[in-house]
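Asks: Numbered per our numbering, the sequence shown spans residues 4 to 146.
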Amino acid sequence: MKQALLTFRLGTQDYALPIDVVVEVAVMVTLTTVPNAPAALLGIANRHGEVLPVLDLRQIIGLSPHMVTANTLFIVVELAGQRAGLVVDEVYQVKYWQAEGVNLARGAGQYIQFIVSDGADVLQIMALEPLLTAVLPERFAKA
Numbered sequence: 004m005k006q007a008l009l010t011f012r013l014g015t016q017d018y019a020l021p022i023d024v025v026v027e028v029a030v031m032v033t034l035t036t037v038p039n040a041p042a043a044l045l046g047i048a049n050r051h052g053e054v055l056p057v058l059d060l061r062q063i064i065g066l067s068p069h070m071v072t073a074n075t076l077f078i079v080v081e082l083a084g085q086r087a088g089l090v091v092d093e094v095y096q097v098k099y100w101q102a103e104g105v106n107l108a109r110g111a112g113q114y115i116q117f118i119v120s121d122g123a124d125v126l127q128i129m130a131l132e133p134l135l136t137a138v139l140p141e142r143f144a145k146a
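See the structure below:
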């Protein structure tokens, strides 16, 4: 059985999210800043009439902040009926991995759920709930 993953880059590393949590990939929109918000919360967007928190995924995982421009892409994800935008450096494509190539990521950190390898490439599959609750616990805790 194959698993569909949306692949993207943060810094020099490749990551992925299961396609079933991805709503869309979008180009940056105007953000409204939120006073006293965590640094990783870049702001709130009006996305199709919905209030959407937009997060800098680089900051959540401990990298330097992302330089946001009009061409910046973000991935809209959904967890337990709540949506958020995740700003990444580059979005690649959807890849399909054989289920037997997916391994539990023991000791890879709180934000990595699985690691996949096809012999040439290694992808770290992110755990969405810890990522979102790290910045917005009141919105995503116990999703």
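Just so it is clear, CB atoms sit at the ideal spot from N, CA and C, and this is done for glycine as well. None of the values given here were measured: they were computed from a predicted structure.
Check this for me: beta carbons of R12 and V91, under 8 Å apart or not?
Replies: Residue mapping note: residue 12 aligns to position 9 of the sequence shown, counting from 1. Residue mapping note: residue 91 aligns to position 88 of the sequence shown, counting from 1. Against a cut-off of 8 Å, the Cβ pair of V91 and R12 comes out as a contact.
Asks: Apart from the five residues on each side of it in sequence, which residues of its chain come closer than 6 Å, Cβ to Cβ, to A146?
Replies: Taking the sequence shown and counting its residues from 1, the one referred to as residue 146 is at position 143. Residue confidence for A146 is low, a pLDDT of 47 falling below 50, so the modelled location carries little weight and cannot support an answer.
Asks: Can you tell me whether Y99 is buried or exposed, with buried defined as 16 or more other CB within 10 angstroms of its CB?
Replies: Stepping through the sequence shown from its first residue, residue 99 is reached at position 96. So Y99 counts as exposed.
Asks: Can you tell me which residues form a DSSP beta bridge with D17?
Replies: Along the sequence shown, one-based indexing puts residue 17 at 14. Partner(s): R12.
Asks: So what does DSSP say about D23, is it helix, strand or coil?
Replies: Reading the sequence shown from its first residue, position 20 is the one you call residue 23. Three-state DSSP puts D23 in a helix.
Asks: According to DSSP, is L82 helix, strand or coil?
Replies: Numbered from its first residue, the sequence shown carries residue 82 at position 79. If DSSP states are grouped into helix, strand and coil, L82 belongs with the strands.
Asks: Skipping 5 residues on each side, what residues in its chain have a beta carbon closer than 8 Å to that of M70?
Replies: In the sequence shown, residue 70 corresponds to position 67, counting from 1. Excluding residues within five positions, none has a Cβ falling inside 8 Å.
Asks: Going along the chain, which residues of its own chain have a beta-carbon closer than 8 Å to the beta-carbon of I115, five neighbours each way excluded?
Replies: Translated into positions along the sequence shown, residue 115 becomes position 112. Once the five neighbours on either side are set aside, the close Cβ partners of I115 are A108, Q127, I128, M129, A130.
Asks: In the DSSP assignment, find the unbroken beta strand (DSSP E) run with I131 in it and report its ends.
Replies: On the sequence shown, position 128 is the one that residue 131 refers to. The question names Ile, but residue 131 is Leu in the sequence shown. Run containing L131: none in the beta strand (DSSP E); it sits in the alpha helix (DSSP H), 131–138.
Asks: By the three-class DSSP mapping on this structure, what secondary structure does L89 have?
Replies: Position 86 of the sequence shown, counting from 1, holds the residue named residue 89. Strand.
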